[in-house]
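In this text, residue positions in the sequence shown follow my numbering: the first is 3, and each later residue adds one.
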Amino acid sequence: MVVDTKLYDILEVHFEASAEEIKKSYKRLALLHHPDKAPIHEKEEAAERFRGVQEAYDILKDPESREMYDMYGMNSDSNSQFDGGVNLDDVLAQMFGMNFEAGGPGKNVPRDRKRRGSDVIHDYEISLEDMFKGKEVKLRATRNTLCPRCQGRGGKRFAKEKPCLSCDGKGVKQHLKHVGPHHVTNSQVICDTCNGKGVSFRGKDRCKHCKGSGTVPEQRMLSFFVNRSAKENDKIIQRGMADEAYGITPGDVILQLHQKPHPVFERLGDDLKAKLKISLAEALTGFNRVILTTLDGRGLEYVQPIGKILHPGDCLIIPGEGMYKDSKTDLRGDLYLEVDIEFPKDGLIGTTEIEILRDILPSIPKVSVMDDTLIDSVRGVPGDISHFGGDARYANEDYGDETYEGVPECQAQ
């Protein structure tokens, strides 16, 4: 008698379907829900459906695990062979919008809350171009999955666990650590024999496939979909794809984004900033040319009108040429251009051109001095303004806090 048909419902087959029928339906659904075939804004939902189909097939394709599932279902008592696996009720709810609990659809039966495993975080460096346009990141990862032979119990069918001899059934061991010549600390560590459960199978009762560990390593290619509005430290989550263990709800695999430095653009929020390098002639006379290549590969042509003079440090704003504000609309931030004027090198301008420039350009008013003022002629040398106030002779002195000895007053006679 079959006590649970949820996995069959996922694969869209009858619970009496043959292995060939199950395989055929699995291939059809895997192809239908494969993330690579979905639009980028639906890839995450498609990945969830694809994973649900895969998990259902992993159980039903094996005759022994299928028999155990038919006998015990997914949410039976503490002896369930599938305890600790993927939460297929959640998968069904995401796939079909239905509430499947123990006993069939529509039942409102509470489930026992399981302990949750640890998350796995992968730091990923991504270019500003990929954050602008969006990207699919594929990551090959190895994780522990429940043993298909023993369904994660670690023992043979109908074998019973006994108190772990290594930790006396406590699940932890005492660990002594020398921290000095005459000092020792005592701490507790999880028992590596029973993995903290306090019980284990004896040698003859252990599952030969997983050697009693309850898990086997599995390599999978995970797909993470970076939205075009992604920001520094954004986290993209593959739920339930971390290590599996018996009686544990798997944690998540998390891809955390870190933006690579960009040679042209600096980002702050949804805005971008770049240097606009122009010649002195362009600053004085205007220009019309392509000034940079945008993150989506377009050339950006800028027109500076004749007669509008630019100065070093001026800021020009181009609306709507920043980053996307979100993944669903075309609203964008702004591009800020910081003017950087390149002056000509020494000796480039001849005497004739100098006289012409002096006639054209306005001069600075001369400083007025008295006729009898002493005039010193000086010349400067190239320097660095950051050295201002940095004379080593005065490095340890605090100006304004000096103390002087006063002149002694005369004593009254």
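In this text, a Cβ means the ideal position worked out from N, Cα and C, and glycines have one as well. Being a predicted model, the structure only gives us computed values, none of them experimental.
Helix, strand or coil for residue i per DSSP?
i: Pro-265; result: coil
i: Ile-362; result: helix
i: Met-223; result: strand
i: Val-371; result: coil
i: Pro-165; result: strand
i: Arg-381; result: coil
i: Thr-147; result: strand
i: Gly-205; result: helix
i: Phe-52; result: helix
i: Thr-331; result: coil
i: Arg-142; result: strand
i: Lys-347; result: coil
i: Phe-289; result: strand
i: Thr-354; result: helix
i: Asp-422; result: Shown here, the chain extends from 3 to 415; a query on residue 422 therefore has no answer.
i: Asp-64; result: coil
i: Glu-44; result: helix
i: Ala-232; result: coil
i: Tyr-10; result: helix
i: Lys-213; result: coil
i: Lys-109; result: Its pLDDT being 42, under 50, Lys-109 is placed unreliably by the model, and the measurement read from it follows with that caveat. Correct three-state label for Lys-109: coil.
i: Leu-282; result: helix
i: Asp-273; result: strand
i: Lys-29; result: helix
i: Tyr-59; result: helix
Are the CB atoms of residue i and residue j nearer to each other than 7 Å?
i: Thr-251; j: Arg-118; result: yes
i: Lys-262; j: Asp-342; result: no
i: Gly-54; j: Ile-24; result: no
i: Val-218; j: Cys-152; result: no
i: Gly-226; j: Ala-161; result: Looking at the sequence shown, residue 226 is not Gly but Phe. Not a contact, by the Cβ cut-off of 7 Å.
i: Ile-311; j: Leu-339; result: no
i: Ala-276; j: Phe-289; result: no
i: Tyr-248; j: Arg-155; result: yes
i: Gly-75; j: Val-15; result: no
i: Gly-315; j: Asp-273; result: no
i: Leu-297; j: Glu-131; result: yes
i: Glu-44; j: Thr-147; result: no
i: Val-292; j: Gly-299; result: no
i: Lys-140; j: Met-223; result: yes
For residue i, does the count of other Cβ atoms within 10 angstroms reach 16, so buried, or fall short, so exposed?
i: Cys-317; result: exposed
i: Lys-199; result: buried
i: Gln-240; result: buried
i: Ser-379; result: exposed
i: Ile-192; result: exposed
i: Ala-21; result: exposed
i: Asp-361; result: exposed
i: Glu-18; result: exposed
i: Gln-221; result: exposed
i: Pro-37; result: buried
i: Ala-58; result: buried
i: Leu-363; result: exposed
i: Ser-67; result: buried
i: Ile-351; result: exposed
i: Arg-269; result: buried
i: Gly-349; result: exposed
i: Ile-61; result: buried
Of all Cβ atoms in chain C, is any one closer than 7 Å to the Cβ of residue i?
i: Thr-295; result: No chain C is present in this structure, which holds just one protein chain.
Got a sec: does the ligand MN put a non-hydrogen atom nearer than 6 Å to the Cβ of residue i?
i: Asp-342; result: Summarising the ligand content, the structure contains no ligands, and the ligand MN is consequently not present.
Cutting at 7 Å between CB atoms, please list the residues of its own chain near residue i, excluding the five before and the five after it.
i: Ala-232; result: Met-133, Leu-259
i: Ala-244; result: Gly-119, Ser-120, Asp-121, Val-122, Arg-145, Pro-252, Gly-253, Asp-254, Val-255
i: Asp-125; result: Gln-258, His-260
i: Glu-127; result: His-260, Lys-262
i: Gly-271; result: Gly-335
i: Asp-328; result: Ser-231
Give every residue of the same chain whose Cβ lies closer than 8 Å to the Cβ of residue i, excluding the five residues on either side of it in the sequence, and list them in chain order.
i: Gln-96; result: For Gln-96, the predicted model reports a pLDDT of 43, less than 50, meaning its position is unreliable and no value from the coordinates is stated.
i: Ile-42; result: Gly-136, Glu-138, Phe-227
i: Lys-164; result: Val-201, Ser-202, Phe-203, Arg-204
i: Lys-39; result: Leu-33, Ala-48
i: Cys-196; result: Cys-166, Ser-168, Cys-169, Gly-173, Ser-202
Skipping 5 residues on each side, what residues in its chain have a beta carbon closer than 6 Å to that of residue i?
i: His-313; result: none
i: Leu-34; result: none
i: Tyr-326; result: Arg-230, Ser-231, Arg-334
i: Ser-281; result: Glu-344
i: Gly-108; result: Caution applies to Gly-108, whose pLDDT of 41 falls short of 50 and renders its modelled position unreliable; the model cannot decide the point.
i: Lys-175; result: Cys-169, Val-191, Cys-193
i: Gly-214; result: Gly-156, Phe-203, Arg-208
i: Pro-307; result: Gly-288
i: Cys-212; result: Cys-149, Val-218
i: Val-305; result: Asn-290
i: Ser-27; result: Leu-13, Glu-14, Val-15
i: Lys-237; result: Ile-256, Gln-258
i: Asp-64; result: Pro-150
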